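**Student:** Could you have a look at this structure, given as structure tokens, before my questions?
Residue numbers (our numbering): 1401 to 1467.
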């Protein structure tokens, strides 16, 4: 995505989409609450990175993390 600092957000989106530990929408909603004021300009970019990570694994065949 041309965003090296967004790699952790991409990985986070992939993780939650794979495990279902929280909803991807919950991550999007929390960004405005957890980011400090000087980082809030990155909410749209972080939302996109989370979405891309989740989309990447959504179509992949996967095994449940727990039964």
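Here a beta-carbon is modelled for each residue, glycine too, at the ideal position from N, C-alpha and C.
Being a predicted model, the structure only gives us computed values, none of them experimental.
1. At 3 residues or longer, and completely inside the stretch 1409-1461: list those beta strand (DSSP E) runs for me, N to C.
2. Out of 1460, 1407, 1402, 1413, state which residue places its alpha-carbon closest to the alpha-carbon of residue 1451.
3. Leaving out five residues before and five after residue 1422 in sequence, what residues of the same chain have Cβ atoms less than 7 angstroms from its Cβ?
4. Just mark residue 1406 as buried or exposed, buried being the case when its beta carbon has 16 or more other beta carbons within 10 Å.
5. How many Å lie between residue 1430 and residue 1418 at the Cα?
**Tutor:** According to the structure data:
1. Counting whole runs of 3 or more residues, the stretch 1409-1461 contains no beta strand (DSSP E) stretch at all.
2. 1413
3. If you ignore the 5 residues before and after residue 1422, its C-beta comes within less than 7 angstroms of the C-beta of 1416, all in its own chain and listed in chain order.
4. buried
5. 19 angstroms
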